[in-house]
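A short write-up of the structure that comes next.
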Amino acid sequence: MDGCTPHSILERVISQVVVDDIRAKARLAVEDEDALREAVRKRRQATADAESQRNLKELREGEKRLAQLETLISKTYEEKLLGTVPEELCVKMLNQYLDEQKLLREKVAVLKEKCESAEQSEKDVDRFVENIKKYVDIQELTRETCLELIEYIVVGDRPESKGEDRQIHIFYKFLDKGLTEKRNILLPQNVE
């Protein structure tokens, strides 16, 4: 069979699918850059718009609540100093406000980071378009090409019926989110 193991055949098929996809996107980037940008934006907007709006709303609410907590903490300190409220109650209220403030500050920081990454998204589209243009005439997949363009690839299970195609999903850098779990996804679940 001379080098035609099922594993090497699958590798060649996957490699060719990736090359064809890169070439198609590169040609579109060269021939109609605006169309590629619009396609990428639509692909991202399907999930990003709703999430961005939700994050922005939560951020505003969090910042508003932080301002309220500042006021409540100040008033509670004043009441403690003036003795208008029992000291035990003041201490209890202060602890609650300070705990909430600490958690809320952490949450607000995460939300700000998410909102900033949404702004970065537009710059990422530009970087992707510029990177992909170089590969209009790509003939084979190299390590360098993968490192520059590919975030990761997911190959679906072998289909049960012979008429179905195996699903191959290509996740590109600057377009798709990276893996959230950094271990090799092909390893058995109990192996690290």
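By our numbering, the letter at position 3 of the sequence shown is numbered 4, and the numbering carries on one by one without gaps.
Glycine is no exception: its CB is placed at the ideal position from the N, C-alpha and C atoms.
Rounded C-alpha distance that separates residue i from residue j
i	j	result
I23	L57	34 Å
T72	L99	12 Å
R13	G164	20 Å
S118	V111	11 Å
R45	N132	18 Å
L105	K93	18 Å
V19	L95	58 Å
L11	V31	30 Å
C91	K76	10 Å
T85	C116	42 Å
D21	Q97	59 Å
A36	K26	10 Å
I74	L82	12 Å
V192	D158	Its pLDDT being 37, under 50, V192 is placed unreliably in this model, and the value from its coordinates should be taken loosely. Rounded to whole angstroms, V192 to D158 spans 20 Å at the Cα level.
K135	H170	22 Å
K107	K65	It should be pointed out that residue 107 corresponds to Glu in this sequence rather than to Lys. Using only the alpha carbons, I get a separation of about 14 Å.
E89	L67	23 Å
E1	R55	Nothing about residue 1 can be reported from this structure: the residues present for the chain run from 2 to 193 only.
A51	T146	33 Å
Q140	P160	28 Å
Residues that residue i bridges to, as DSSP identifies them
i	result
V156	I169
I151	Y173
Nearest-angstrom Cβ-Cβ length linking residue i and residue j, presumed shorter than 8 Å
i	j	result
L142	S16	5 Å
V109	L60	6 Å
R1	V155	Here the chain comprises residues numbered 2 to 193, so residue 1 is not present and cannot be evaluated.
Reference residue i, options the options, closest by Cα
i	options	result
Q69	L37, Q102, E59	Q102
G63	V156, V19, K113, Q97	K113
R28	D138, R55, Y78	D138
S122	S53, E34, D33	S53
Min CB distance residue i to chain B below 7 Å
i	result
L37	Absence of chain B from the displayed structure is noted, only one protein chain being present.
Looking at C-beta atoms only, is the number of pairs between the stretch 120 to 135 and the stretch 28 to 48 that lie closer than 8 Å three or more? yes
Using 8 Å as the cut-off, can you tell me whether the stretch 150 to 158 makes contact with the stretch 166 to 180, which would need three or more C-beta pairs spanning the two stretches below that distance? yes
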